[in-house]
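Single-structure report; data block below.
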Amino acid sequence: MTAGYVLFDTAVGRCGIAWGADGAVTAVRLPEASDEATARHLGAGAGPCEPPVEVGRVIAAIVDLVSGANLDDDLAWVQLDMQGLTDFQRAVYEVARRIPPGSTRTYGEIATEIGLPGSARAVGRALGENPYPPVVPCHRVTAANGRTGGFSAGGGVTTKMRLLSTEQAVLGLW
Numbered sequence: 004m005t006a007g008y009v010l011f012d013t014a015v016g017r018c019g020i021a022w023g024a025d026g027a028v029t030a031v032r033l034p035e036a037s038d039e040a041t042a043r044h045l046g047a048g049a050g051p052c053e054p055p056v057e058v059g060r061v062i063a064a065i066v067d068l069v070s071g072a073n074l075d076d077d078l079a080w081v082q083l084d085m086q087g088l089t090d091f092q093r094a095v096y097e098v099a100r101r102i103p104p105g106s107t108r109t110y111g112e113i114a115t116e117i118g119l120p121g122s123a124r125a126v127g128r129a130l131g132e133n134p135y136p137p138v139v140p141c142h143r144v145t146a147a148n149g150r151t152g153g154f155s156a157g158g159g160v161t162t163k164m165r166l167l168s169t170e171q172a173v174l175g176l177w
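Per this note's numbering: the sequence shown = residues 4 to 177.
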């Protein structure tokens, strides 16, 4: 259950974050077409409010990461509330969280790492439903043969490429 949320400015636009009563992050949202659209994805039953200190640290880390100010922080320390997610989604997100800034993996590589080779499309679907970008860095996951793959956040693949560029990721030919 979401206790509160806040919108905050970043180098890629106005993002949002929501948290539960225990301070764990329940959702992160990259910019949508409007503040209202961003807020709509942050959890029902909660309103905007001042974030707890720990969530404030997460916000500062996200701002630094997407601006390129701190590419040493992979955000793996952020406590996420993964209630309501499937075991498959959790496994995919845990592998994605280990991809350091500036690096990429393919959907197929993640599928193989979770023990389900051949499930690259399912990995892509799970990442398309990711409620925590960029804390779960779905932008760092690409399709095979150097193709970008999709990106469900506002701005689509353009936002994905902007985040990868900020992280100075070495990419294949698109």
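Positions of the beta carbon are idealized from the N, C-alpha and C atoms, including for glycine.
None of the values given here were measured: they were computed from a predicted structure.
Local Cβ density within 10 Å of residue 145, reported as buried at 16 or more and exposed below that: buried
Member of 102, 33, 91, 92 whose CA lies at the smallest distance from the CA of residue 69: 33
Range of the contiguous alpha helix (DSSP H) that encloses residue 130: 123 to 131
Counted within 10 angstroms of its Cβ, other Cβ atoms place residue 171 as buried (16 or more) or exposed: exposed
CA-to-CA distance, residue 84 to residue 27, given in whole angstroms: 5 Å
7 Å Cβ shell around residue 61 - same chain, five flanking residues per side excluded: 20, 28, 81
Boundaries of the beta strand (DSSP E) in which residue 13 is found, first to last residue: 7 to 13
Own chain residues within Cβ distance below 7 Å of residue 154, not counting five before or after: 142, 160, 162, 163
C-alpha gap between residue 158 and residue 152, whole angstroms: 14 Å
For residue 20, three-class secondary structure by DSSP: strand
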